[in-house]
Amino acid sequence: MKRRNAVKAIALSTVTPHILFGETNNLEASLVPFSLSQSRLFESSWHHWPDMLWTGPEFWGNRLQDWQIRDGKAVCIVSDKNRSLHCLTCQLTDKPEKFESSVNLEWLNQRGFGSPDNYVGFRIGAKGKVKDYRSAAVFGQGLDAGITATGQLFIGKNKSEEKVKVQDSLRMKLEAEHKAEQYILRLSIYDLETDKPLAEITANNVSNKEVVGNMALIAHFVNVEDSAEQPSVSFANWELKGGKISQHPAQTFGPICFAQYTLHDDVLKLNAQLTPIEAVDSQVSLQIKEKNSWETLQEGSVDPLGRVVQFRIEEWGFKKPVSYRVRLELPLKNGGKEYFYQGTVDKEPLDAEKVKMAVFSCNADYGFPDSEVSLHALKHKPDLAVFLGDQFYESTGGFGIQTSPLEKSSLDYLRKWYMFGWSYREIFRNIPSAFIPDDHDVYHGNVWGESGKHAPTDQGWTYVAQDQGGYKMPPEWINMVQLTQTSHLPDPYDPTPVKQGIGTYYTDWVYGGISFAILEDRKFKSAPKNVLPEEAKVTNGFIQNPEFDIKKYYDVEAELLGDRQLKFLEDWSADWGRGVEMKAVLSQTNFCTVATLPEGSIIDSIVPKLPIPKLGEYVTGDAPTSDMDSNGWPQKGRDEALKIIRKSFALHVAGDQHLASVVHYGVDDFGDSGFAFAGPALNNLFPRRWWPTVEENHQPLPDQPKNTGNFMDGFGNKMTVHSVANPHQTGKEPALVYDRATGYGMVIFDKQERTMKIECWPRYIDPERNPDGQYQGWPITISQEDNYARKAVGYLATLEIEGGQDPVVQVINEDSKQVEYVMRIKGNSFRPKVFSPGKYTLKVSQPETGKEKTLTGLEIAKKEGESVILTV
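In the working numbering, the protein residues as written are 366 to 1237.
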């Protein structure tokens, strides 16, 4: 296997090397200890652990699949560049005090000998993209010190001229002492068996700031003759001591990383996400706290690929918040050890007038670990949270992706998934949450699932594969992703697998009187390259032929949601049982394309390079795009879905677009369907924008910018744009995070007023200190009935209903036999609107009691005051 390009470690230019050689006795006499008297603060415990594919809760390995415990040692099982193992619980502070790091190491890759670019040792003062130990653990670069494969000791970029004999087993010690506002570092090498010193190197004039941050072990191999897939080094007995080091025992991660749950129809489903401990005979249980003691409700087993433990509790029954914890007992060599992850199953807000939903999507790693998002979002006190796709990207955490073999690719996925949970687990620790994986979650730029078929990768991984439709990764891996992200959702509407045995998860979730239809936008969708004429020249969902008019292909035979999901939506729209008062649809992306590019652009790969305007500046020369990754295509499938969704007066909430917007959908006329909120990206890889060129007669919404109002998207779909959060310069750093209109959304369902308030928050705004700090154009409040704003041709007689409160009214067209709409009204009076002359059937019911009254043969009332009295 050919070696990949090297990534050089950050080095010091101020290091003065000094190395001693000679007879052993003379060498011993030359080494003067730094006299560090403090007892050790930290000692690795790998010798207590059984063999496993994980190095323990005090450590973070880059990459996860590259570090294991074998025979009581931490082993880097690859010979590749920049593999590091960070200590999470100890960091170097800015105190001008001493510290010491020592470790036993064993060279495992003899073929790696001979190259002066290969080395093992320590990394100190590691810092990440933001000031946080987690960022440093994932991205941290710092000062490397160790021994090369040719026997040269080094600190930074300075190496000794002379060499020591590279032995299989050594002990390495790095000592640091503060003098005259600088640090002196000394690296010493000892024979592991005899403890005899072999050599040392010292570095003077090291600045204090370069020894502040994380501490890690490093294995850096860039020139290996054979293959990277072989062990490079093992480490044991890593010890840290000194006053410069701060200890934080709570900064462990795992073996229980986080948990997600939903409560639906009195069934609690909770997933516990674990690290790779499946090789150990462990016990995992779900416990709740009752009368100051913990009661075990259920025990579970660890999935060997997704490392998830699933719990399902029927007849939950609790009407109050209940503390839960996931308990794990691991049998270590020095005795069993218990681990816990604790949270709360919240009280379902059935009696609350308002239900607040936090909305998240599109999480690149630019701001990892995104502490401000959790801090600010939780200040809104949401009742539930939804994560609508792209929980991470292929680039998350560096190193790209590993697609085979299955065991390694599953660990590759879990590393990125763990980073997501490390950032956001506090949001969903104590409230229920729903997740929908999107294309990047399954290592795709775009997915046209074509009912689960295989996307061939023999000619390439990106466009050439995904344009053919289907999934590039194997079905076992796809099911593993869905297991980790969606198996805590309510049971699927139809669990029948699609092609290759890939499972489904689309379902409804009723919580707090709100019914959510959870869709799988991508799984059944046709690949445009397979259904459009070849002359369109489709690449990555964009038409490359400027002469091809996609608007002329409305009737192309293409699937969007598929028949199965359309049937689900029909059933869901009509189902108002279980106390449902309002409805919303959750999906990966919205049903139009709110995006522009410089006119003439035929693909959106240029988006990250487009300049970010100043606040208030209107970008000219753009035109709407026709990105078939959005659900604006296929247009016919889009219209079919909207015609069903609007029957239930449901709000649509989606992610994916990297551009927050609120639009009012139109099918036949502008605004004849429901509203949609596409939330902002948490971290924005593709800062899309909406800067349409407007005609002189264009009418923006009152007191709103000219890019609002009625527009056609690139496919000819009607949409009324109410608000857009375009990227703009904020003056905040890092600009890569803040200038790209990043943040999160809130949707407040007011069951008393039957309104839906949509909020859009920049991630850096503290909502308590700045309650008016939302993006321009928000908040927006719509009524429930705005979600089917189709103009009426008339009204039936007003219903005056006795014998119940807030009944459900269903309107059926007797000529077409079609349900026009269904909703739970507020109060006991309702005036049904209709959209064509003819006769209608009304069904008025109380689903909770099973009582129903049917009226037939109703026609448009001739007088406004006509009414019908009925008892239910």
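Using N, Cα and C, we set each Cβ at its ideal position, and we do this for glycine too.
Counting only residues of its own chain and dropping the five nearest sequence neighbours on each side, A892 has a CB closer than 7 Å to the CB of W813, E815, D832, Q833, G834. In this structure, L1024 is the residue among Y498, P614, L1024, L779 with its C-alpha nearest to the C-alpha of Y1140. Excluding the 5 residues flanking it on each side, K1071 has same chain C-beta neighbours closer than 8 Å at Y983, V1059, H1063, P1065, in chain order. Between H1093 and L980, the CB-CB gap stays under 7 Å. Assigned with DSSP and collapsed to three states, R790 falls in helix.
Taking all protein chains shown into account, G1096 has fewer than 16 neighbouring C-beta atoms within 10 Å of its C-beta and is therefore exposed.
Beta-bridge pairing by DSSP links Q1211 to K1216.
Counting along the chain, no alpha helix (DSSP H) covers Q1149, and no H or E run does either. Under the DSSP assignment, R690 falls in the beta strand (DSSP E) whose first and last residues are 687-697.
CA-CA distance, Q595 to L557, rounds to 23 Å. Under the DSSP assignment, G708 falls in the beta strand (DSSP E) whose first and last residues are 700-710.
Here I583 is bridged, per DSSP, to S449, G486. Q1117 sits in coil when the DSSP states are folded into three classes, being neither helix nor strand. Residue nearest to P734 within the set F478, T627, K496, E841 is K496 (criterion: CA-CA distance).
Per the Cβ contact rule, the stretch 530-548 is in contact with the stretch 450-465 (3 or more Cβ pairs under 8 Å). Per DSSP, the unbroken beta strand (DSSP E) holding W425 starts and ends at 424-427. Residue state for M1084 is assigned as strand, using DSSP reduced to three classes.
When secondary structure is reduced to three states using DSSP, K890 falls in the coil class, being assigned neither helix nor strand.
In the same chain as S739, and ignoring 5 residues on each side of it, the C-beta atoms closer than 8 Å to its own belong to S788, Y789, E791, I792, in chain order.
Look at R780 here: in three-state DSSP terms it is helix. By a beta-carbon distance limit of 8 Å, S597 contacts C441. Their separation comes to about 5 Å.
DSSP places H629 within a strand segment (E or B) once states are collapsed to three. Exclusion of the five residues before and after T985 leaves W1056, T1058 as the residues of its chain whose Cβ lies within less than 8 Å of its Cβ. The stretch 1033-1040 and the stretch 1096-1114 do not touch, with fewer than 3 CB-CB distances between them shorter than 8 Å.
Judged by their CB atoms, R448 and D436 are not nearer to each other than the 7 Å cut-off.
Looking only at A601, E924, V1174, the smallest Cα-Cα distance to E1005 is reached by E924. With contacts defined as CB atoms closer than 7 Å, S1232 and T1163 qualify as a contacting pair. Around the beta carbon of H613, fewer than 16 other beta carbons sit within 10 angstroms, so the residue counts as exposed. For D755, the closest of Y871, A502, F725 by C-alpha to C-alpha distance is F725.
Between I1145 and V1027, the CB-CB gap stays under 7 Å.
Take the alpha-carbon of S409 and the one of I489: they are about 17 Å apart. Within its own chain, the residues whose Cβ lies closer than 8 Å to the Cβ of P415, once the five positions on either side in sequence are excluded, are I434, A644, V645, P696, L697, K698, listed in chain order. If you look at P840, you'll find it in the alpha helix (DSSP H) that goes 840-851. With three or more CB-CB distances shorter than 8 Å, the stretch 876-886 counts as touching the stretch 944-959.
Under DSSP, M722 forms a beta bridge with L749, V1112.
Taking every protein chain shown into account, the CB of S774 has 16 or more other CB atoms within 10 angstroms, so this residue is buried.
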